[in-house]
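Protein chains: 4
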Amino acid sequence: MPPFSSDPCPFRRRRKDARPAELLEAALALFVEKGFAATRSEEVARAAGVSKGTLYLYFPSKEELLKAVIQHFMGTEIETGIQEAAAADGPVAEVMETLLVNWWTRIYEGPASGVFKLMITEVRNFPDIGEFWVERVVAPGHAIVSGLIRRGIDRGEFEVDDVDSAVHSILMPLILECVHKHSFMACGIGKEIEIDPIAFMHAHLKLVFRGMAARPPAPAPAGGRKAGQAA
Amino acid sequence: MPPFSSDPCPFRRRRKDARPAELLEAALALFVEKGFAATRSEEVARAAGVSKGTLYLYFPSKEELLKAVIQHFMGTEIETGIQEAAAADGPVAEVMETLLVNWWTRIYEGPASGVFKLMITEVRNFPDIGEFWVERVVAPGHAIVSGLIRRGIDRGEFEVDDVDSAVHSILMPLILECVHKHSFMACGIGKEIEIDPIAFMHAHLKLVFRGMAARPPAPAPAGGRKAGQAA
Amino acid sequence: MPPFSSDPCPFRRRRKDARPAELLEAALALFVEKGFAATRSEEVARAAGVSKGTLYLYFPSKEELLKAVIQHFMGTEIETGIQEAAAADGPVAEVMETLLVNWWTRIYEGPASGVFKLMITEVRNFPDIGEFWVERVVAPGHAIVSGLIRRGIDRGEFEVDDVDSAVHSILMPLILECVHKHSFMACGIGKEIEIDPIAFMHAHLKLVFRGMAARPPAPAPAGGRKAGQAA
Amino acid sequence: MPPFSSDPCPFRRRRKDARPAELLEAALALFVEKGFAATRSEEVARAAGVSKGTLYLYFPSKEELLKAVIQHFMGTEIETGIQEAAAADGPVAEVMETLLVNWWTRIYEGPASGVFKLMITEVRNFPDIGEFWVERVVAPGHAIVSGLIRRGIDRGEFEVDDVDSAVHSILMPLILECVHKHSFMACGIGKEIEIDPIAFMHAHLKLVFRGMAARPPAPAPAGGRKAGQAA
DNA sequence: TATGAATGAGGTTTCATTCAT
DNA sequence: TATGAATGAAACCTCATTCAT
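Order-wise, the sequence lines are chains R, P, H and W.
For the first sequence, position 148 (counting from the first letter as 1) is numbered 149 according to my numbering, and the numbering increases by one without interruption.
For the second sequence, position 40 (counting from the first letter as 1) is numbered 41 according to my numbering, and the numbering increases by one without interruption.
For the third sequence, position 97 (counting from the first letter as 1) is numbered 98 according to my numbering, and the numbering increases by one without interruption.
For the fourth sequence, position 118 (counting from the first letter as 1) is numbered 119 according to my numbering, and the numbering increases by one without interruption.
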């Protein structure tokens, strides 16, 4: 019992506290890069600057590490999205544009983008992490966007046949951009047809909003049928 | 060399000829389901109804099997798409609608849909198969659609700011549907927000074509309503 | 029962009769080159111009093939040596020189040289083939040479302390030359210190015979001690 | 990196340091006994008292283990021979006798004797280890002996037609004795004609030295007896 | 008699996990 | 708390042998 041993080694203490997060980051990066099965647990440990054994002090198995990774990097961005969506006001298309651009730029640039790929590659091997993901990320995200679309319809700004389909039309390219970032783009393949993800996001939203936009009330062309769109 | 036997064993010969395709099908299914690294080569063999050793009579290693799978299931659907696109005539939106619905339904329902997932999960481990994929599938597919869009612009049917972005807006949801089929949908997760892929395809194309449709020449800006939407 | 079917196919019949010998030759060459364990039975078959299955029509297993190889290539040269040794007459050193040069040249150049290496590499894995070898090759060979040395001693031509050691001094370099031919020399290693095997055989025998030669009866140099050699 | 532990685990450290040598010894014994291809890597591990996996902590593959074995057990005895040869003085036959007996007894009794057999059995499969062996063992050994013979010639003690051949006559039986120790002798075959290796070494050297010894200047060709032997 | 497709035991190698220090 | 040597189950792959043709 030495008098000053209440915090025997502040340096190591700080390391210790940071360890789980460091390991989770390293694990995310490697699982996204190589896939869960092809990543050796020692690689994760080394990437986090610790030894094999230390990993097992924090996570009881490689599979539990995967689940911890998913949970750790999952919900954060979605929640901020929900709050922003609720807080915003004004013309819905503008609100959505602002919201989606901010929100998705953060997602695309942060670790969450990797989780999209990880979920796709690993759900069938670990279905329970999928349940969690849908409940905590996919469903809320879908709800935010469909809520906004419905608000636009109510306000007469949008004309949309099938709101759920429209949500998919809006979000799926954004999701696939995230996946793309961690697959083809990460190994420099397909540069010929690659486009800047942020520029694409703007162009995509513009196109989709134009597709959802309410038409002017058909100024007066005799027969009352609206001019509609082609297909 | 027995002197008089041009076809020494027709039965075995027929099995031998069929084996590679059987193995490739089994391999595709398992690689898509579990990922390359998590699939044991004996599983592939058993799924094809042969023993471990037989697999190695036809493919020198598990990695070569993967490459053969990609090559085998890759380009076929794209080529039919190209021909149909060239042959079709009429209003571009209708042509595209017909083409994409037929083409993508075949892709979605056939083995090619799995290859999309497989490519995403494995490119970073086997970059050379990615090169091939982009060159033989992604680039031609992109070219078909951008060609049609440009034809629509030339004919005055479409107004599109950025053709390449529009191609992505059109195709990415279709691709992600394929991936989805083999990830979440395959393990019955996320049913709440799942939508019928064919119905979605129609709704998606309708929305996007509406977003690309040329506007009537603005009959006369009488009333102060703003015609378009913000972004 | 067609009238002329007693020998239905003279060509194949001839092939069939030659098969075992062809297989044994191919097997010897490969076993000597790579060792028994490292030689695949299909390699033997292919080298003999037949298929894997055919090998098993003539030899029930790879191990039996090895035993057959030993037996086939073993004793022949020894027997001719014995006959020549018995038939020869004249000064023993001359007889031995002639005998050994002829005999060993045939052995060195023929397949028997390989069997020396094969025995060395495989006895410990297949001791029973060793018994056979010693009884049929080593012991008779030793007996021929020791018989000749003893004849030389009896005739006053040789002075030899230990006949068995002298046999080893004579034969071991010849044996090792055979082994060398199939190890280092076969892969072109050690050319710097390599010597022509036939030239070496002559030089070696000359040196050894000089070492065994009877000394003249010490002409008369006062004190009866003979000048002798050092060691 | 724990801050204050320069030698974190002395016990394990000591085992780790000893492991490679233990594994190399076990590997040499087994490779010499059964041949490289017929030895299972697990056998090597078990013989060294560790598990299969541990072997691969120290050597990346079975083939690398073989190379390490060769390098580890190769050159040591040769170097002591060189030094002793340089240091010795006196009548060359005596010097050589002493040197060769001491030197070769150590070689015969030590692990180097096994390496002779190993080289013979494996050069053709791994030619690069042969280069090393010739350069580091065969050539220096040859040089020691030929140097001594030349010294004997210079001093008028020896008369030798072909020095290189004489080196072979001297060394080849010694080498073959080493090989013999690990082939026939090790499985108790051929006892009838087996001789004590040390006794043989003495007898062999005596015979060869007698064959190389300078003749007295032919005191006076008085009596008609012919002095030498034919060949 | 000859073939070569097929098998599966067995070999080499990897890697998640444990545990003594 | 941290290490890394050690383990052994399990993966990939080979090859002796069989057998339908």
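Every residue gets a Cβ at the ideal spot worked out from N, C-alpha and C, and that includes glycine.
Taking 8 Å as the threshold, find out whether the stretch 125 to 133 of chain R comes into contact with the stretch 172 to 180 of chain P through three or more Cβ pairs. The stretch 125 to 133 of chain R, when compared against the stretch 172 to 180 of chain P, does not touch it at the 8 Å Cβ threshold.
Neighbour-count burial assignment, residue 178(P), 16 or more Cβ in a 10 Å radius: Position 177 of the second sequence holds residue 178(P). Label assigned to residue 178(P): buried.
Within 7 Å of any Cβ in chain P, is that where the Cβ of residue 201(R) sits? Here the question's residue 201(R) lines up with position 200 in the first sequence. Residue 201(R) counts as touching chain P.
Could you check if residue 186(R) belongs to the surroundings of the ligand ATP, using beta carbon to heavy atom distance under 6 Å? You won't find the ligand ATP in this model; it holds no ligand whatsoever.
Using DSSP bridges, identify the partner residues of residue 1(P). This structure cannot speak to residue 1(P), because chain P is shown only from 2 to 232.
Nearest-angstrom Cα distance between residue 230(R) and residue 140(P)? Residue mapping note: residue 230(R) aligns to position 229 of the first sequence, counting from 1. Residue mapping note: residue 140(P) aligns to position 139 of the second sequence, counting from 1. A caution first: residue 230(R) carries a pLDDT of 41, below 50, which makes its placement in the model too unreliable to give a value.
Please list, in chain order, all residues of the same chain as residue 43(W) whose beta carbon is under 7 Å from its beta carbon, the five residues on each side excluded. Locating residue 43(W) in the fourth sequence gives position 42, where the first residue counts as 1. The residues are 53.
Closest Cβ-Cβ distance between residue 8(H) and chain W: below 7 Å? On the third sequence, residue 8(H) is found 7 positions in, with the first residue counted as 1. Model confidence at residue 8(H) stands at a pLDDT of 48, short of 50, so the residue's coordinates are unreliable and nothing is read from them.
Counting only beta-carbon atoms, is residue 179(R) nearer than 7 Å to chain P? Working through the first sequence from its first residue, we reach residue 179(R) at position 178. Residue-level contact by beta carbon fails for residue 179(R) and chain P, as no gap is shorter than 7 Å.
Kindly indicate if chain W contains any beta-carbon less than 7 Å away from that of residue 198(H). The residue given as residue 198(H) occupies position 197 in the third sequence. With 7 Å as the cut-off, residue 198(H) does not count as an interface residue toward chain W.
From residue 100(P) to residue 151(P), what does the alpha carbon distance come to, in whole angstroms? Indexing the second sequence from 1 puts residue 100(P) at position 99. Indexing the second sequence from 1 puts residue 151(P) at position 150. The C-alpha of residue 100(P) lies about 15 Å from the C-alpha of residue 151(P).
Given residue 59(P), which residues of its chain have a CB within under 7 Å of its CB, disregarding the five upstream and five downstream residues? By 1-based counting over the second sequence, the position of residue 59(P) is 58. So the list reads 20, 21 and 24, once near-sequence residues are dropped.
Go to residue 192(W), then tell me how far its alpha helix (DSSP H) extends in each direction, as first and last residue. In the fourth sequence, the residue the question calls residue 192(W) occupies position 191. Run containing residue 192(W): none; DSSP gives neither H nor E here.
State the DSSP-derived secondary structure class of residue 1(P), mapped to helix, strand or coil. For residue 1(P) there is no data in the structure shown, the boundaries of chain P being 2 and 232.
Taking residue 214(H) and residue 163(W) to be in contact with their CB atoms under 8 Å, please state how far apart those CB atoms are, rounded to whole angstroms. Numbered from 1 along the third sequence, position 213 holds the residue referred to as residue 214(H). Numbered from 1 along the fourth sequence, position 162 holds the residue referred to as residue 163(W). With a contact defined as Cβ atoms closer than 8 Å, residue 214(H) and residue 163(W) miss out at about 18 Å.
In chain order, what are the residue ranges of uninterrupted alpha helix (DSSP H) at least 4 long that sit wholly in the stretch 61 to 87 of chain P? The qualifying runs are 63 to 75.
Apart from the five residues on each side of it in sequence, which residues of its chain come closer than 6 Å, Cβ to Cβ, to residue 168(P)? Numbered from its first residue, the second sequence carries residue 168(P) at position 167. Cβ neighbours of residue 168(P) beyond the five flanking positions: 143, 146 and 147.
Can you check whether the C-beta of residue 61(W) is within less than 7 Å of a C-beta belonging to chain H? If you number the fourth sequence from 1, residue 61(W) lands on position 60. The beta carbon of residue 61(W) sits no closer than 7 Å to any beta carbon of chain H.
Inspect the beta-carbon positions of residue 121(R) and residue 184(P) and report whether they are closer than 7 Å. Numbered from 1 along the first sequence, position 120 holds the residue referred to as residue 121(R). Numbered from 1 along the second sequence, position 183 holds the residue referred to as residue 184(P). Between residue 121(R) and residue 184(P), the C-beta gap is smaller than 7 Å, which places the two residues in contact.
Looking at the structure shown, is residue 184(R) part of a helix, part of a strand, or coil, going by DSSP? As a working mapping, residue 184(R) is identified with position 183 in the first sequence. Of the three classes helix, strand and coil, the one that applies to residue 184(R) here is coil, per DSSP.
Please report how far the alpha carbon of residue 95(R) lies from the alpha carbon of residue 166(R), in whole angstroms. For the purposes of this step, residue 95(R) is taken as the residue at position 94 of the first sequence. For the purposes of this step, residue 166(R) is taken as the residue at position 165 of the first sequence. Pairing residue 95(R) with residue 166(R), the inter-Cα distance amounts to about 20 Å.
Kindly indicate which three-state DSSP category residue 127(P) falls into: helix, strand or coil? To locate residue 127(P), count along the second sequence from 1; it is residue 126. In this structure, residue 127(P) counts as coil in the three-state DSSP scheme.
Buried or exposed: residue 226(R), going by 16 or more other Cβ atoms within 10 Å of its Cβ? Along the first sequence, read from residue 1 onward, the residue named residue 226(R) stands at position 225. Model confidence at residue 226(R) stands at a pLDDT of 44, short of 50, so the residue's coordinates are unreliable; what they give is reported in the following sentence. Looking at its Cβ environment, which holds fewer than 16 other Cβ atoms inside 10 Å, residue 226(R) is exposed.
Look at the Cβ atom of residue 108(P), then the Cβ atom of residue 65(P), and state whether they are nearer than 7 Å. The sequence position of residue 108(P) within the second sequence is 107, counting from 1. The sequence position of residue 65(P) within the second sequence is 64, counting from 1. Taking 7 Å as the cut-off, the Cβ atoms of residue 108(P) and residue 65(P) do not count as close.
Can the beta-carbon of residue 157(R) be found less than 7 Å from the beta-carbon of residue 93(R)? Counting from 1 along the first sequence, the entry for residue 157(R) is found at position 156. Counting from 1 along the first sequence, the entry for residue 93(R) is found at position 92. Not a contact, by the Cβ cut-off of 7 Å.
For residue 40(R), is the classification buried or exposed, using 16 other Cβ atoms within 10 angstroms of its Cβ as the cut-off for buried? Within the first sequence, residue 40(R) is the residue found at index 39, counting from 1. Per the 10 Å Cβ criterion, buried.
By the DSSP assignment, the alpha helix (DSSP H) with residue 48(R) in it spans what residues? Stepping through the first sequence from its first residue, residue 48(R) is reached at position 47. Here the alpha helix (DSSP H) through residue 48(R) covers 42 to 48.
Closest Cβ-Cβ distance between residue 4(H) and chain W: below 7 Å? For the purposes of this step, residue 4(H) is identified with residue 3 of the third sequence, where counting begins at 1. Low confidence applies to residue 4(H): its pLDDT is 44, below 50, so where it sits in the model is not reliable enough to give any reading.
Contact defined as beta carbons within less than 8 Å: I believe residue 190(H) pairs with residue 124(W). What is the distance between those atoms, to the nearest angstrom? As a working note, residue 190(H) is residue 189 in the third sequence. As a working note, residue 124(W) is residue 123 in the fourth sequence. For a cut-off of 8 Å, the C-beta gap from residue 190(H) to residue 124(W) is around 7 Å, short enough to register as a contact.
Residue range of the alpha helix (DSSP H) that residue 54(R) falls in? Position 53 of the first sequence, counting from 1, holds the residue named residue 54(R). Residue 54(R) -> alpha helix (DSSP H) spans 53 to 59.
Below 7 Å between beta carbons: does that hold for residue 202(P) and residue 138(P)? Position 201 of the second sequence, counted from the start, is the residue given in the question as residue 202(P). Position 137 of the second sequence, counted from the start, is the residue given in the question as residue 138(P). Remark: C-beta atoms of residue 202(P) and residue 138(P) do not approach each other more closely than 7 Å.
With a threshold of 16 other CB atoms inside 10 Å of the CB of residue 98(H), please say whether the residue is buried or exposed. By 1-based counting over the third sequence, the position of residue 98(H) is 97. Residue 98(H) comes out buried.
DSSP on residue 141(R), reduced to helix/strand/coil? Within the first sequence, numbered from 1, the residue matching residue 141(R) stands at position 140. Note: residue 141(R) maps to helix in three-state DSSP.
Could you check whether the Cβ of residue 1(P) sits closer than 7 Å to any Cβ belonging to chain R? Coverage of chain P is limited to positions 2 through 232, which leaves residue 1(P) absent and any answer about it impossible.
If we cut at 7 Å on Cβ distances, does residue 83(R) have a partner in chain P? By one-based count along the first sequence, residue 83(R) stands at place 82. Not an interface residue.
Identify which residue in 18(W), 198(W) and 32(W) has its Cα closest to the Cα of residue 110(W). For the purposes of this step, residue 110(W) is taken as the residue at position 109 of the fourth sequence. Measuring from the Cα of residue 110(W), the nearest candidate turns out to be 198(W).
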